[in-house]
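Residue numbers for the sequence shown follow our numbering, so the first one is 248 and each next one is one higher.
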Amino acid sequence: GVSTVTIPRADVEVDVDMENTELGCYMWGSYVTDRSNTNIAQTGYRAFATWESLTPTAEADNSLRFWQWLMNIRQRCHDAGLTFAAYCYNASAENTYLRRLAIAREALAGEIENFIASDEWVDILKEWDSQLITGGSSSLKQVAPLAGFHWSVDDAGGGESMLKHDLAADGDDAARDWLLTYNRGDVEATLAVREWMAATQVPGIDEV
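What follows is the structure, encoded as structure tokens:
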């Protein structure tokens, strides 16, 4: 029933990806695209990371920095009459850690749930699966290359990132750089996928 592939767009767009270990979330990565050309937000990649021991307090403090930054951009867009959207690939993971922030900071619980339920929080995986069939996995690592995107680190994946985090937590600068580059790749990959979806016409299933 899909005749044209679409993806929600906004004046200011933020691609989001978090990194975690079994102990919790230690990084939120973002990539801002200002399609309004108003300079209302600094464009490009920005990461919020903590390399200290992942206690609940350390995780919550770092997630709070990211949340306040994201909501500040959102509010500035609303105040200026601009549309805003944040994107992730498979929101269940990000939502889990946003809700952990809500548990740690109860005053934010309502705000976080309202945002998760809003049209301004877009799960690209759901958009992809509702419109496209590739005959293979819909994971970001499989889908992004179809849109022409490739990571700039070797062995890009969650398993390798957990190994690198152990080194990063011990002060290894090379491991920290790898994780930041890997995370940047993740948010740039989501951007590449949705740009491809917005610009590419693919044959309907009855045409194949």
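Positions of the beta carbon are idealized from the N, C-alpha and C atoms, including for glycine.
Figure out for me which residue from 323, 297, 324, 322 has the closest Cα to the Cα of residue 311.
297
Nearest-angstrom Cα distance between residue 375 and residue 308?
33 Å
Identify whether residue 334 lies in helix, strand or coil by the three-state DSSP scheme.
strand
Using the C-alpha atoms, what's the distance from residue 325 back to residue 274?
26 Å
Alpha carbon of residue 359 to alpha carbon of residue 377, nearest angstrom:
25 Å
Measuring only the C-alpha atoms, how far is residue 392 from residue 423?
25 Å
Does DSSP put residue 294 in a helix, in a strand, or in coil?
strand
Taking just the CA atoms, how far does residue 434 sit from residue 335?
8 Å
Pair every Cβ in the segment 351-370 with every Cβ in the segment 388-405, then say whether three or more of these pairs are closer than 8 Å.
no
For residue 269, count neighbouring Cβ atoms within 10 angstroms of its own Cβ and tell me buried if that reaches 16, exposed if not.
exposed
Is the beta carbon of residue 276 less than 7 Å from the beta carbon of residue 288?
no
For the alpha helix (DSSP H) containing residue 419, list its first residue and its last residue.
Careful: residue 419 lies outside any alpha helix (DSSP H) and carries neither H nor E.
On the DSSP letters alone, give me the boundaries of the alpha helix (DSSP H) that residue 306 sits inside.
303-326
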